[in-house]
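S.K.:
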Amino acid sequence: MTGFTYPEVGATAAGPLPPGYHHLRHRTLLGHGRDVLEAAGEAVLTWRMHRAAGAGVRAQAGRAAPGVAVEVSLGVGPLRLTAPCRVVWTVGEPDRIGFAYGTLDGHPEQGEESFVVRMGDDKAVWFAVTAFSRPARWFSRAAGPAVPVAQKLYARRCGQVLRRLSVSGTHQLRRS
Numbered sequence: 004m005t006g007f008t009y010p011e012v013g014a015t016a017a018g019p020l021p022p023g024y025h026h027l028r029h030r031t032l033l034g035h036g037r038d039v040l041e042a043a044g045e046a047v048l049t050w051r052m053h054r055a056a057g058a059g060v061r062a063q064a065g066r067a068a069p070g071v072a073v074e075v076s077l078g079v080g081p082l083r084l085t086a087p088c089r090v091v092w093t094v095g096e097p098d099r100i101g102f103a104y105g106t107l108d109g110h111p112e113q114g115e116e117s118f119v120v121r122m123g124d125d126k127a128v129w130f131a132v133t134a135f136s137r138p139a140r141w142f143s144r145a146a147g148p149a150v151p152v153a154q155k156l157y158a159r160r161c162g163q164v165l166r167r168l169s170v171s172g173t174h175q176l177r178r179s
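In our numbering, the protein residues as written are 4 to 179.
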């Protein structure tokens, strides 16, 4: 895949995050059990979590898959920021579901962000956001340390929203 604005494509999948970027790691406990994992995983892969967290999402597909272009936006009117990305990788294992997207030209940052739901041996289901980024546009450079703070707040918001969605999703799974 080409068009990414950073060379370390796929670095959120494994290993240490690359130097020279701000690193973000945030985890949220969602609940316990397979129903929570499946409901949360579905909300992540279908962009539902992003939308419920207040982001606008325009994607080439209704589900995250490698190569799918997606534009995420935050804000309103003239204060709306758009962030073009492309899905780098997805995972759909029995105890791990999620994806990562990387930045494209026009994104305020350069880097990659992953959203993964994982169930441990104790059946606890955790949501993790892992990212590396650095400013790519004048306004993100000018915002300085406010950008990592905003990214952390957004990751926390995604976790809170996903906890709510996974609980409501488990009720729907049980009715099916």
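Even for Gly, the Cβ is constructed at its ideal location relative to N, Cα and C.
Remember, it's a predicted structure, so these values are computed and weren't measured experimentally.
In whole angstroms, what is the alpha-carbon distance linking Ala-139 and Ala-72?
M.R.: 19 Å
S.K.: What's the gap between the Cα of Pro-94 and the Cα of Val-152?
M.R.: In the sequence as presented, Pro is not what sits at residue 94; that position holds Val. Approximately 28 Å between the Cα atoms of the pair.
S.K.: Quick one: is Ala-149 buried, meaning 16 or more other Cβ sit within 10 Å of its Cβ, or exposed?
M.R.: Here Ala-149 is exposed. Its C-beta has fewer than 16 other C-beta atoms within 10 Å.
S.K.: Identify whether Leu-176 lies in helix, strand or coil by the three-state DSSP scheme.
M.R.: Residue placement at Leu-176 is flagged as unreliable, the pLDDT there being 43, under the threshold of 50; a coordinate-derived value is accordingly withheld.
S.K.: Buried or exposed, going by whether 16 or more other CB atoms sit within 10 Å of the CB of Trp-141?
M.R.: exposed
S.K.: Name the DSSP bridge partner or partners of Val-79?
M.R.: BP columns for Val-79 are empty, so no partner.
S.K.: Across which residues does DSSP place Trp-141 in a beta bridge pair?
M.R.: Trp-141 is not bridged to any residue.
S.K.: Between the region 154–170 and the region 33–51, can you find at least three pairs of beta-carbon atoms closer than 8 Å?
M.R.: Two segments are said to touch when three or more pairs of C-beta atoms, one from each, lie closer than 8 Å; by this definition the region 33–51 touches the region 154–170.
S.K.: Should Gln-175 be labelled buried (16 or more other beta-carbon atoms within 10 Å of its own) or exposed?
M.R.: Per-residue confidence for Gln-175 stands at a pLDDT of 47, beneath the threshold of 50, marking its modelled position as unreliable; the derived number appears in the next sentence. Counting every other CB atom within 10 Å of its CB across the protein chains shown gives Gln-175 a total below 16, marking it as exposed.
S.K.: Taking the straight line between their C-alpha atoms, what separation do you get for Ala-131 and Gly-162?
M.R.: 8 Å
S.K.: Does the Cβ-Cβ distance between His-26 and Phe-135 come in under 8 Å?
M.R.: yes
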